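Chains as they are written, first to last, in our numbering: chain A, 11 to 238; chain B, 2 to 91. Here is the structure we will look at, set down as C-alpha cells.
Shown next, in the form of C-alpha cells:
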C-alpha cells in the first residue's frame with residue numbers, strides 16, 4: 011500500500027516519473043528532429059547540441075530509475091544507496107550522463123571560439139567517467155556537484171563577456187539566459203537527488219520550471235525545423 | 002569584405018553547380034567559388050565526403066562535378082539550417 015501511495019500521491023515517485031517522462035520525451039524530440047539538419051550539414055555545433063539533449067534524456071532516465079530503486083529497496087539516502095551494487099551502477103551512469111549533457115550544451119556554444127583538437131571530446135569523456143567513478147568510490151557526491159558548479163560558472167562568465175562583446179553590434183538573444191536558468195535548475199535537480207531533506211514545495215517548483223525550460227527549447231527547435 | 006562562414010561557402014559552391022544545370026567542370030567551379038585553390042580543394046573534399054556532390058568522368062565532356070540529391074536537399078534546407086544555427090548560437 012505504501013508503494014501505491016508513493017506512486018499516486020504528489021511530490022513522490024509518481025510525480026518524479028511524470029516529470030522525468032516529459033523531459034525525456036522533450037529531449038529525445040530535440041535529438042531526433044535535428045537529425046536531418048545534422049545529416050545534411052554535418053555542422054559540429056548542431057552535433058554537440060543534439061548530443062547534449064541525448065545525454066539529458068539518459069540522465070533523466072537514470073534519475074527516475076534511481077528514485078524507483080529508492081522506493082523498491084526502501085532506501086532513504088544517497089550514501090546508503092551507493093553501498094549497493096545497483097546503486098553504484100545507476101549513480102555512475104547518472105553522474106556521467108548529467109555532466110556530459112551540461113558539457114555538450116556549453117560546448118555547442120563555445121566550440122567556435124576554441125581550437126578544438128582531435129582528442130578533446132574523447133578526453134572529456136574519460137575525465138568525466140573518472141570523476142564520476144571517483145566521487146562514488148570515495149562516497150563524496152559533492153565532487154560531482156562541484157564539477158557541475160564549475161561548468162555553470164564557466165558558462166556564466168562566458169555569457170557575460172559574450173553579451174558585452176555583442177553590445178553595439180547586434181542584440182544578444184535570450185538563449186544564454188535560458189541556458190543559464192536551465193543550468194541553475196539542473197543543479198537544483200541534482201542537489202534534490204544527492205542531498206536529502208529538500209523542501210517538497212521547492213521540489214515541485216524545480217520540476218515545473220525545468221519542464222517549462224525544456225518545452226521552451228523544444229518549441230524553438232520545432233519552430234526552426236518545421237520551417238524547413 | 003566580410004568573411005563567409007563554412008556553411009555559406011558550401012551553399013555558394015552547390016548553388017553554382019545547380020545554376021550550371023546541375024553539373025560543372027572543376028576549373029569554372031573554382032573560378033566562380035571565389036576561393037583559393039587550397040581552400041577550394043578542402044571544400045571539394047568535404048563536399049564529396051558528405052555526398053553533397055559527386056565526380057563522374059563523362060566520355061564527351063571529361064571529368065565533371067555533379068550535384069547529388071542530398072546536395073539539392075541541402076540547398077533547399079539551407080535557410081532553415083542557418084536559422085537554427087543562429088537561433089541557438091551554435
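Think of the CB as a built atom: it goes at the ideal place given N, C-alpha and C, for glycine as much as any other residue. Quick caveat, the model's predicted, so the values are computed rather than measured.
Output the distance between the C-alpha atoms of residue i and residue j, rounded to the nearest integer angstrom.
i: residue 114/A; j: residue 58/B; result: 43 Å
i: residue 234/A; j: residue 94/A; result: 45 Å
i: residue 84/A; j: residue 71/A; result: 20 Å
i: residue 80/B; j: residue 74/B; result: 11 Å
i: residue 73/A; j: residue 209/A; result: 18 Å
i: residue 198/A; j: residue 185/A; result: 20 Å
i: residue 29/A; j: residue 213/A; result: 11 Å
i: residue 127/A; j: residue 121/A; result: 11 Å
i: residue 147/A; j: residue 192/A; result: 29 Å
Excluding the 5 residues flanking residue i on each side, which residues of the same chain have their C-beta closer than 6 Å to its C-beta?
i: residue 75/A; result: 100
i: residue 41/A; result: 60, 63, 64
i: residue 34/B; result: 14, 41
Using the DSSP secondary-structure output, state which residues sit across from residue i in a beta bridge.
i: residue 65/B; result: 57/B
i: residue 24/B; result: 67/B
Residues in the same chain with beta-carbon distance under 7 Å from residue i, minus the five sequence neighbours each way, listed in chain order, please.
i: residue 145/A; result: 105, 151, 153, 154
i: residue 39/A; result: 228
i: residue 62/A; result: 111, 114, 115, 118
i: residue 26/A; result: 74, 77
i: residue 1/A; result: Any question about residue 1/A goes unanswered here, given that chain A covers just 11 to 238.
i: residue 57/A; result: 48
i: residue 2/B; result: Residue confidence for residue 2/B is low, a pLDDT of 42 falling below 50, so the modelled location carries little weight; the figure read from the coordinates is stated next. Nothing meets the Cβ criterion.
Apart from the five residues on each side of it in sequence, which residues of its chain come closer than 8 Å, Cβ to Cβ, to residue i?
i: residue 195/A; result: 216, 219, 220, 223
i: residue 55/B; result: 49, 66, 67, 69
i: residue 205/A; result: 88
i: residue 85/B; result: 91
i: residue 64/B; result: 26, 27, 56, 57, 58
i: residue 231/A; result: 39, 40, 43, 44
Assuming residue i and residue j are in contact, meaning their beta carbons sit under 8 Å apart, how far apart are those beta carbons, in whole angstroms?
i: residue 162/A; j: residue 111/A; result: No, residue 162/A and residue 111/A are not in contact; Cβ-Cβ is about 13 Å, not under 8 Å.
i: residue 77/A; j: residue 109/A; result: Incorrect: roughly 19 Å between the Cβ atoms, too far for contact.
i: residue 78/B; j: residue 52/B; result: The pair is not a contact, with the Cβ atoms about 15 Å apart (cut-off 8 Å).
TODO: Return the chain-ordered ranges of every beta strand (DSSP E) run that is complete within the segment 32-115 of chain A and spans a minimum of 3 residues.
DONE: none
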